Structure formats: structure tokens, C-alpha cells
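Numbering (my numbering), first residue to last: 305 to 614.
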Ligand code: TXA
Ligand code: MG
């Protein structure tokens with residue numbers, strides 16, 4: 305496994321690895337991704353195995369140019385409007401598939417497509433001159449990685465290369481199925497539902513994606529009384545770690561910062577750190593469900609053993 309850096313010579317190396325069917329992890333503006341040539345079925349097969357990903361869970365395809373979307377999928381009017389407004393960026397559209405191999409789409413006739421705004425995946429797919437798959441670079445079920453160290457902690461030496469660099473948002477892309485009317489939100493994410501609603505009339509899916517396996521019991525506290533409730537809890541349970549916006553508690557606290565943006569950027573790192581502190585419970589201060597706060601709370605609910613609303 306090679307560690308590469310965001311310099312031209314290393315990007316070239318990474319493209320060579322992709323060209324010969326290798327697997328490379330890289331930062332994107334949302335979270336770390338791990339990819340290969342979307343048309344190399346053997347490489348995709350190996351990627352499923354390395355991620356321990358169930359074969360019925362399809363992969364997102366990442367493109368470097370808008371024209372490419374029209375080649376691989378059917379773009380209807382709603383899709384066109386969203387592509388004009390949000391691509392490149394952190395929105396994934398589910399479209400009718402034209403060309404992507406069935407192993408990538410898990411035999412569905414639909415394909416998930418996004419065009420990252422981060423320069424590293426853009427350069428990789430453009431220089432390869434093919435789409436690449438862009439799933440999050442974690443073992444299936446683990447929290448998404450936002451730093452190269454998280455990728456190493458999940459995969460060890462098993463990938464062919466990891467490009468070291470920064471993610472910018474910290475939460476995965478928003479997934480919207482535009483093959484149905486009205487379009488259906490399948491995963492809240494980096495592009496807020498409010499922003500999407502300004503352009504399209506959407507319906508929130510009943511069965512949203514996502515489930516994170518945290519190895520320590522996690523309790524989420526929401527509402528006006530959250531701080532007081534966490535303080536009370538800490539008096540009874542000493543071996544706890546708190547994930548909070550600022551350190552107002554006694555004992556172990558991991559700060560995620562006071563803005564929605566800093567909370568998003570630090571959340572997955574905080575969850576991984578908290579797991580490694582030897583605590584027997586993780587207590588998390590929730591945040592208001594507006595803007596990216598909606599996606600943050602969705603990830604927390606999907607990680608929690610218990611949600612305490614006070
Ligand atoms: O921000 C992101 O989207 C990151 C970065 C690295 O690109 N990727 C990411 O991929 O979050 P992943 O594999 O962790 O999540 C993709 C989700 C999965 O829940 C998968 O089931 C869904 O997208 N998906 C992919 N293709 C689909 C399809 N054809 N139909 C329905 N859902 C699909
Ligand atoms: Mg994932």
C-alpha cells in the first residue's frame with residue numbers, strides 16, 4: 305500500500321494504479337472515498353470484498369464531466385435542473401442506467417451518479433477518462449472516514465494506495481431518486497433538503513439509508529434540557545465520554561465546535577475517537593435539525609442505542 309500526496313506526480317501514480325485495475329482511497333469534499341475504474345468488474349468485485357460490503361448494496365459512480373452523465377444514464381428534466389444547480393458538488397442522483405455494469409448497480413436498472421467538487425477525485429476520473437466508483441472508504445457499517453488515518457484503521461495495508469488530503473464537509477452526499485415523481489430523498493446529506501426544496505418538490509423516503517455500528521453504547525440527547533440531562537447522567541456513570549459543542553462537562557469531552565459546519569466536519573472523527581477511549585458509554589449533544597443539522601442528526605440517530613428527548 306502506497307501513501308500518496310496531492311502533487312501531480314502522485315496523482316499520475318494513482319491514475320496508473322486505477323488503469324491497471326487497482327484500488328485507491330482519496331479525500332472528497334464530503335468524506336473519504338475508495339474507488340476503482342467503474343467499468344473494471346474484477347476491480348469492483350475486489351472492492352466489495354475489501355469493504356465487506358453486501359453485494360446487494362450498489363455503489364455510487366463518480367464522473368468528472370457533465371457530458372459523461374448523459375453517456376452512462378438517462379437524464380430527465382428534473383435531473384437536468386439539479387445537475388445545472390448542484391454539479392459538481394455533494395448531491396448524488398439516482399438515474400435510469402444505460403451503461404454501468406450490473407455489479408456496480410447491484411443488478412438494479414438505476415445508477416447513482418455524482419460529480420465531486422474536490423479536485424483530487426475530479427483529476428483521477430478525468431485523467432483516467434472513465435467514471436470511477438466512489439463509495440465511502442470504510443468497512444461496511446463503520447462510520448465514514450474523514451481522515452486518511454481512519455482509512456488505514458479500517459483497511460490496514462489492503463488497498464493499493466491512499467492519497468493524503470482534506471475533506472471539507474465531513475458528511476456524505478445527499479441522495480435523491482429522480483426516476484420517480486415526486487423525486488424521493490433516500491439519504492439526507494451535505495446538500496440540505498431545504499435547499500433542494502427550493503428547486504424541486506420532493507418526498508422524504510420512509511426507509512432512509514444508513515446504519516452505523518459503534519462498538520460502545522451511544523446515547524443522543526436532544527432538546528432544551530440536553531445539557532442538564534447529560535450532567536445528571538455523568539454523576540451516575542463516571543466512565544463516560546461526551547461529544548459536545550464545547551467543553552462544559554466534567555470528565556472526558558470531545559469538542560466538535562459550535563457551528564453546524566464544525567459539528568459536521570468533526571462528527572465521524574469524534575465517534576471513532578470516543579470508541580477508542582475505553583469508556584463504557586458515549587453521550588452526544590444533539591443539534592438543531594436545520595441545514596446540514598438534519599443530516600448530522602440522521603447519522604446520530606442511526607448510530608444510537610438510545611435517543612433521549614428532554
Ligand atoms: O459523499 C458520498 O456520497 C461518499 C463519497 C466518498 O463519494 N460516498 C458514499 O458512498 O457515501 P456509500 O457507498 O457509503 O453510500 C452510497 C449509498 C448506499 O447507501 C447505496 O445503497 C446507495 O448509495 N446507492 C448506490 N447506488 C444506488 C442505486 N442504484 N439505487 C439506490 N441506492 C443506491
Ligand atoms: Mg458509506
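Note that the Cβ used here is the ideal one computed from N, Cα and C, for glycine as well.
Keep in mind it's a predicted model, so treat the numbers as computed, not measured.
Under the three-state reduction of DSSP, residue 610 is assigned to strand.
By a beta-carbon distance limit of 8 Å, residue 492 contacts residue 599. Their separation comes to about 4 Å. Below 8 Å, enough C-beta pairs join the segment 590-608 and the segment 513-530 to call them touching: three or more.
Less than 8 Å divides the Cβ of residue 572 from the Cβ of residue 448. Runs of the alpha helix (DSSP H) lying entirely within the segment 329-410, each at least 4 residues long, are 345-355, 370-376, 381-390, 406-409 in chain order. If you check the CB distance, residue 318 and residue 465 come in under 8 Å. When the beta-carbon positions are compared, residue 467 and residue 347 stay at least 8 Å from each other.
For residue 544, the beta-bridge partners assigned by DSSP are 585. Annotation note: the segment 550-598 contains the following uninterrupted beta strand (DSSP E) runs of length 3 or greater, listed N- to C-terminal: 556-559, 585-589. Ranking 452, 570, 368 by CA distance to the CA of residue 309 puts 452 first. Proximity of the segment 411-425 to the segment 333-342 meets the contact definition, three or more beta-carbon pairs being nearer than 8 Å. For residue 335, the shortest C-beta to heavy atom distance toward the ligand TXA is below 7 Å.
Under the three-state reduction of DSSP output, residue 323 falls in the helix class. If you draw a 10 Å sphere on the C-beta of residue 413, you find fewer than 16 other C-beta atoms in it, and that means exposed. In the DSSP secondary-structure assignment, residue 481 is bridged to 398, 488. Ordered along the chain, residues surrounding the ligand MG are 439, 440, 442, 448, 476 [Cβ under 7 Å from any heavy atom]. Restricting attention to 377, 354, 575, 306, the CA atom closest to the CA of residue 519 is found in 575. Between the ligand TXA and residue 436, a heavy atom-to-CB distance of less than 7 Å is absent. Here the alpha carbon of residue 352 sits roughly 19 Å from the alpha carbon of residue 418.
Relative to the ligand TXA, even the nearest heavy atom lies 7 Å or more away from the CB of residue 467. Judged by pairs of C-beta atoms under 8 Å, the segment 500-508 touches the segment 479-492, as three or more such pairs exist. Linking residue 368 to residue 356 through their CA atoms gives a straight-line distance of about 27 Å.
With a threshold of 16 other beta carbon atoms within 10 Å, residue 543 falls short and is exposed. The residue from 541, 553, 460, 580 with its alpha-carbon nearest to that of residue 307 is 460. Residue 403 holds the alpha-carbon nearest to the alpha-carbon of residue 344 among 584, 403, 470, 545. For residue 465, DSSP records a beta bridge to 306, 328.
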